[in-house]
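> Numbering (the numbering used here), first residue to last: 276 to 855. For every residue, glycine included, the Cβ atom is placed at its ideal position computed from N, Cα and C. Computed from a predicted structure; not experimentally measured. Sharing a structure with you now.
This is the structure in C-alpha cells:
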C-alpha cells in the first residue's frame, strides 16, 4: 500500500475507525439492553406469555386497529402494516408492551405516529422506534415505549410493518392458519381461520381474548383487479380504488368491539347479493351475502333461512348485537366459523352438518347447521366473549343451545327436547369443560354437546320457561359487548335464579363426570342417592311423566312412594338401578 494512498485516505480511515467504534458501542448498548429485556421475558413460560394478562399487557388497552395488507397467492405470503391506537390504563407500569406475532411472520419496522384521533387523515411520523428498543422472544415482540407519557388515559399510536409466510392450515378451521387453495374452476381462493391459533398467526396484535379494540377495526386488502376481498363489517363506499400498481383496495370497517381472532379476510371470485331484515321494533338490518360466482343461485335458496332465524334469536336473546356492522354470510374454503359480522359458510348449501343430523333425532336435517350455529355465536362468543379460552364453554354451550332455540321456535318444545337429548351420545366425559386459566388452554370439546345439555338441565331445574327465556335475554343485556369470566356468569345466574347452583356448576364445568342417580331395592324399600358427584351436589330431579320431584343427596334416602322411579330424560344425568 503506497504512502500517497494512506495520506489521501487517512481522514477516511479515521472516520471509519470512529464509526466502527461508535457502532460497536451502540451494539454493546443494544446487546446489554436487549439482554436485560430478555431476562424480564424469558422467565415466563411460552403458554403464559400467550395466555395471561402479564405485566407487558395489563397496563394498556387497544382502542383501534387499522390493518392494511397484501396477500401473495403464488408464494403464500403476506405483507402489510398494522396501526394500533393504544391507551394507558395503569400508570404504574414498566413501559414495555407485548405485541404478538407468531413465527415465521416478522415485524420489520415500528413507527410512533402522531395523530389527533383515530380517524385523522393527517398522520405524522413522530418517532421511528430504534431497533435497540424492541426485541423478539419466541412468538412475541417486546417494545420499550417508556419514553411516552405514562399517565392514565394517555394515548399513543404505533404503526408496525410486517411480512412473512403464515402457518398454512392443514384442516381448517380446526387446524388454524391461512388457506391458499383453488375454487372449482381452478382460480385463487384465500382466507384464514385462527380461533385457537390466534390473530398473531398472521398480523401483529394484542392476541389476548380479554382485550378487544373498543372502537373497532379498519381492514384494507390489496388484491389483483379480478379478485374480490371481503372482511368484517361494512364496505366503505369509497373503497373501490387502486394502488400505484393497479391492485384494487377493498376497505372494510367494524364499528364495534371485536375479538382479534374474528378479524378475517376472504379473497376470491365472489358475487354479492343483499337483503334486509326488519325487527319487531322496526329497525333495519342489512343482510350481505358473498358467494363464489357459480354458487349464487344455490345461496339465494339456502340463505333464505337467515331471516326466520334472526326473528327466533332476537326473541330469545335480544337484538342482533351488531346492527351498525351488518349481518354477513361469506362462502369460505372451509366448513364455517363465527367471524363477527362476517360469518364463514362452507356447508355445501344443504341442511344438516355436511348433510348429516348431528342429533340423530331427525330435526337436525331441518336446518342448515352452519348458518344457525355460527350465527348464534354473534350473541355468545362475539358480543359476549370469554376473557380466557379456558372459559370457552360460554361460547360453545350457549351457542349449541341456540340450535335448540331455533328448533323450538320452528317445530315446538317436543322437537327441541328430542334434538338436545339426541346430542348426549356424543358426550365424551374425557376432561372438564373449563380448561387451564392463563395458559390459552380450552377445556373438553364436551363444551358443545354436554354444555348445551347442562343448560337444558338448568332449564328443567328452574321449571319455568318464561323465566328461563328471560334469563337468556338478561345475560345478553347485562354482558353486551363485554369480555367476561365463567365465575362472573355463574354468579349472575345464581343471583337471577335464586337457586343454589354453585355445586351444579362445579360438577358440570369443573368435573369430567356426569352425575349418576343410583337406586336400589333393599328389604322391600326403594332407596336413591347421587353417585359420581362432588360431595355437596344437591340438584333436585323431576320424575318422568310426573309433576313429582325428588331431592337426592350423596346419602341414601328412602323413596316414600314405594314404586319405581325414573328421572325425566331432559336432565343430564345417568340412571342406574339395582336389586338386592
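#1: Enumerate in chain order the residues of its own chain whose CB-to-CB distance from residue 840 is below 8 Å, with the five nearest sequence positions on each side excluded.
#2: Put residue 374 into one of helix, strand or coil per three-state DSSP.
#3: Verify whether the separation of the beta carbon atoms of residue 522 and residue 498 is less than 8 Å.
#4: Around the Cβ of residue 400, are there at least 16 other Cβ atoms within 10 angstroms (buried) or fewer (exposed)?
#5: Tell me which residues share the same chain as residue 614 and place their Cβ nearer than 7 Å to its Cβ, disregarding the 5 neighbours each side in the sequence.
#6: Since residue 611 and residue 571 should fall inside the 8 Å C-beta cutoff, what is the C-beta to C-beta distance between them, to a whole number of angstroms?
#7: Do residue 417 and residue 371 have their beta-carbon atoms positioned less than 8 Å apart in this structure?
#8: Report the three-state DSSP secondary structure of residue 302 (helix, strand or coil).
#9: Consult DSSP for residue 341 and reduce its assignment to one of helix, strand or coil.
#10: Could you pull the start and end residues of the beta strand (DSSP E) that residue 415 belongs to?
#11: When you compare the CB positions of residue 758 and residue 330, do they come within less than 8 Å of one another, or not?
#12: Please confirm if the stretch 358-372 is in contact with the stretch 425-442, defined as three or more CB-CB distances below 8 Å between the two stretches.
#13: Would you mind sorting residue 358 into buried or exposed? The rule is 16 or more other CB atoms within 10 Å of its CB.
#14: Work out the CA separation of residue 823 and residue 842 for me, nearest whole Å.
#15: Starting from residue 427, follow the beta strand (DSSP E) in both directions and report where the run begins and ends.
#16: Closest by CA to residue 441, which one among 353, 464 and 607?
#17: Is residue 846 buried or exposed, if buried means 16 or more other CB atoms sit within 10 Å of its CB?
#18: Among 647, 596, 690 and 828, which residue has its Cα nearest to the Cα of residue 754?
#19: Can you tell me the Cα-Cα spacing of residue 767 and residue 751, whole angstroms?
#20: Pick out the complete beta strand (DSSP E) segments inside the stretch 739-766, 3 residues or longer, and give them in chain order.
#21: Where does residue 611 sit, in a helix, a strand or coil, going by DSSP?
#22: Find the nearest neighbour of residue 665 within the set 631, 433, 731 and 784, judged by alpha-carbon distance.
#23: Kindly list the residues whose CB is nearer than 6 Å to the CB of residue 779, restricted to its own chain and excluding five residues on each side of it in sequence; keep chain order.
#24: State the Cα-Cα distance for the pair residue 365 and residue 336, rounded to the nearest angstrom.
#25: Can you tell me the Cα-Cα spacing of residue 739 and residue 775, whole angstroms?
#26: Are the CB atoms of residue 756 and residue 532 nearer to each other than 8 Å?
#27: Quick check on DSSP: helix, strand or coil for residue 812?
#28: Please confirm whether residue 232 and residue 636 have their CB atoms less than 8 Å apart.
#29: In terms of residue numbering, what span does the alpha helix (DSSP H) encompassing residue 779 cover?
#30: So, residue 725 versus residue 709, is the Cβ gap smaller than 8 Å?
#31: Suppose contacts are defined by Cβ-Cβ distances below 8 Å. Is residue 490 in contact with residue 339 by that definition?
#32: Hey, residue 344 and residue 478 are a contact pair by Cβ (cut 8 Å); roughly how many whole angstroms apart?
#33: Go ahead and pull the three-state DSSP assignment for residue 326.
#34: Could you tell me which residues DSSP puts in a beta bridge with residue 730?
#35: When you compare only the Cα positions, how much space is there between residue 772 and residue 684?
#36: Quick one, which of 407, 563 and 553 has its alpha-carbon nearest residue 419's?
On the basis of the supplied data:
#1: If we look at residue 840 and ignore the five residues flanking it on each side, its Cβ neighbours are 794, 801, 803, 818, 825 and 834.
#2: It is a strand residue.
#3: yes
#4: exposed
#5: 507, 537 and 539
#6: With a Cβ gap of about 19 Å, residue 611 and residue 571 do not count as contacting.
#7: yes
#8: Only weak support exists for where residue 302 lies, its pLDDT of 40 falling under 50; the coordinates are left without a value.
#9: strand
#10: 415-419
#11: no
#12: Segments in contact, yes.
#13: buried
#14: If I take the Cα positions, the gap works out to 10 Å.
#15: First-last for residue 427: undefined, no H or E at that position.
#16: 353
#17: buried
#18: 596
#19: So the alpha carbons of these two residues sit roughly 11 Å apart.
#20: 757-759
#21: strand
#22: 784
#23: Hits under 6 Å: 814.
#24: Residue 365 and residue 336 have their C-alpha atoms some 10 Å from each other.
#25: Those two C-alpha atoms are separated by around 16 Å.
#26: For the 8 Å CB-CB criterion, residue 756 and residue 532 form a contact.
#27: coil
#28: Outside the modelled stretch of the chain, which goes from 276 to 855, sits residue 232, for which no answer is possible.
#29: 777-785
#30: no
#31: Yes. Within cutoff.
#32: 7 Å
#33: helix
#34: DSSP, once it has assigned bridges, lists no residue as partnering residue 730.
#35: 23 Å
#36: 407
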